[in-house]
Amino acid sequence: IGFSAEKDVEKLRGAMKGTGTDELVIIDILSHRTVAQRQRIKEAYKQAIGKDLADDLSSELSGNFRSVALGLLMLPPVYDAYELRNAMKGAGTEEACLIDILASRSNDEIKAICAVYKKEYGKSLEDAICGDTSGMFQRVLVSLLTVSKHSEIYEAGEARWGTDEVKFLTVLCVRNRNHLLRVFEEYQKISGRDIEESIKREMSGSLEDIFLAIVKCMKNKPAFFAERLYKSMKGLGTTDSVLVRIMVARAEIDMLDIKAEFLKMYSKTLFSFIKGDTSGDYRKILLELCGGE
Numbered sequence: 035i036g037f038s039a040e041k042d043v044e045k046l047r048g049a050m051k052g053t054g055t056d057e058l059v060i061i062d063i064l065s066h067r068t069v070a071q072r073q074r075i076k077e078a079y080k081q082a083i084g085k086d087l088a089d090d091l092s093s094e095l096s097g098n099f100r101s102v103a104l105g106l107l108m109l110p111p112v113y114d115a116y117e118l119r120n121a122m123k124g125a126g127t128e129e130a131c132l133i134d135i136l137a138s139r140s141n142d143e144i145k146a147i148c149a150v151y152k153k154e155y156g157k158s159l160e161d162a163i164c165g166d167t168s169g170m171f172q173r174v175l176v177s178l179l180t181v182s183k184h185s186e187i188y189e190a191g192e193a194r195w196g197t198d199e200v201k202f203l204t205v206l207c208v209r210n211r212n213h214l215l216r217v218f219e220e221y222q223k224i225s226g227r228d229i230e231e232s233i234k235r236e237m238s239g240s241l242e243d244i245f246l247a248i249v250k251c252m253k254n255k256p257a258f259f260a261e262r263l264y265k266s267m268k269g270l271g272t273t274d275s276v277l278v279r280i281m282v283a284r285a286e287i288d289m290l291d292i293k294a295e296f297l298k299m300y301s302k303t304l305f306s307f308i309k310g311d312t313s314g315d316y317r318k319i320l321l322e323l324c325g326g327e
């Protein structure tokens with residue numbers, strides 16, 4: 035059956051009319067359309083009904099289910115900018131969000147996020163980060179934003195490794211993947227230690243987290259997200275902000291790879307983990323985004 039934005043709008047409208055909401059219809063439509071199709075549904079909804087689909091959903095849904103639904107309606111850089119903004123709003127900062135997004139997005143994706151942020155929130159993402167973080171952690175975040183124009187050729191063998199974090203910064207934030215993977219290999223030869231081990235020995239807190247995230251994303255991005263998902267659900271309680279963000283942002287990009295890595299790393303399916311850790315409509319929409327066992 036071909037995609038019809040108009041038909042979807044009728045169904046969505048029906049699902050929200052009158053008392054009560056037919057969540058299953060909403061789940062079915064939002065989770066089985068592409069980002070581009072959801073944009074067309076938003077436009078068609080506005081034309082037919084004169085209201086924003088996001089506003090209507092927002093008033094009909096609640097909790098984590100609402101967060102997923104609204105996230106799915108946004109274009110990727112808009113969603114990332116929105117998440118970054120929320121991570122820095124009010125008191126305290128959700129460092130995990132800054133790390134997850136900035137360490138894993140490509141240069142082009144970061145450019146798009148910066149443009150959206152400026153347009154939507156009236157200030158640059160760099161200014162926001164500088165106002166909300168400090169020290170070396172701030173420097174790493176800012177250097178991830180400042181897309182390097184040229185790749186520095188950097189010989190791992192000559193580097194004074196150790197606690198010289200600035201050297202780490204120079205190398206990791208250049209983001210030339212092939213070059214970096216060679217540097218990691220070289221580092222292992224010289225020091226007899228995996229780069230991740232060294233980061234753990236030399237650093238702590240958010241700084242350690244972000245350097246590890248950069249390295250892991252370079253080596254194997256789906257495995258990085260698989261680990262983040264696993265940690266968000268294992269043990270007591272669920273870090274829903276992380277679970278929602280990754281499931282929404284990666285659904286159309288590398289969910290199949292993330293699922294494969296998850297199974298390889300933890301001998302359990304991502305599907306079974308989500309199923310055991312969530313409930314209600316929130317669980318239903320996440321399982322649809324996960325896409326079967």
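The numbering of the sequence shown is our numbering, which starts it at 35 and goes up by one. We put the CB at the ideal spot given by N, CA and C, even for glycine.
Item, Value
"Classify residue 40 as buried or exposed, calling it buried when 16 or more other Cβ atoms lie within 10 Å of its own Cβ.", "exposed"
"Do three or more CB pairs link the region 285 to 304 to the region 256 to 264 at distances below 8 Å?", "yes"
"Less than 8 Å between C-beta atoms, sequence neighbours within five positions excluded: which residues of the same chain meet that for residue 159?", "115, 118, 147, 148, 151, 152, 179"
"Quick check on residue 95: does DSSP put it in helix, strand or coil?", "coil"
"Assign residue 124 to buried or exposed, taking buried as 16 or more other Cβ atoms, counted over all protein chains shown, within 10 Å of its Cβ.", "exposed"
"Is residue 129 buried or exposed, if buried means 16 or more other CB atoms sit within 10 Å of its CB?", "buried"
"Under 8 Å, with one C-beta from each stretch per pair, do the region 239 to 256 and the region 55 to 63 reach the 3-pair mark?", "no"
"Taking the C-alpha atoms as reference points, what is the distance between residue 327 and residue 304?", "8 Å"
"Does the beta-carbon distance from residue 311 to residue 272 come in below 8 Å?", "yes"
"Determine contact between the region 97 to 116 and the region 272 to 285, defined as no fewer than three beta-carbon pairs at a distance below 8 Å.", "yes"
"Identify which residue in 218, 269, 268, 290 has its Cα closest to the Cα of residue 250.", "218"
"Here's a check: name, in chain order, each residue in its chain whose Cβ is nearer than 8 Å to the Cβ of residue 155, leaving out the five neighbours to either side.", "115, 119, 162"
"Kindly indicate the opening and closing residues of the alpha helix (DSSP H) around residue 83.", "69 to 83"
"Considering Cα atoms alone, identify which of 70, 37, 226, 59 is closest to residue 95.", "59"
"DSSP three-state call for residue 327: helix, strand or coil?", "coil"
"Please name the residue, chosen from 252, 45, 320, that lies closest to residue 82 on a Cα-to-Cα basis.", "45"
"Thinking just about the alpha-carbon of each residue, which of 225, 73, 268, 173 is nearest to the one in residue 105?", "73"
"Buried or exposed: where does residue 224 fall if 16 or more other Cβ atoms within 10 Å of its Cβ makes it buried?", "exposed"
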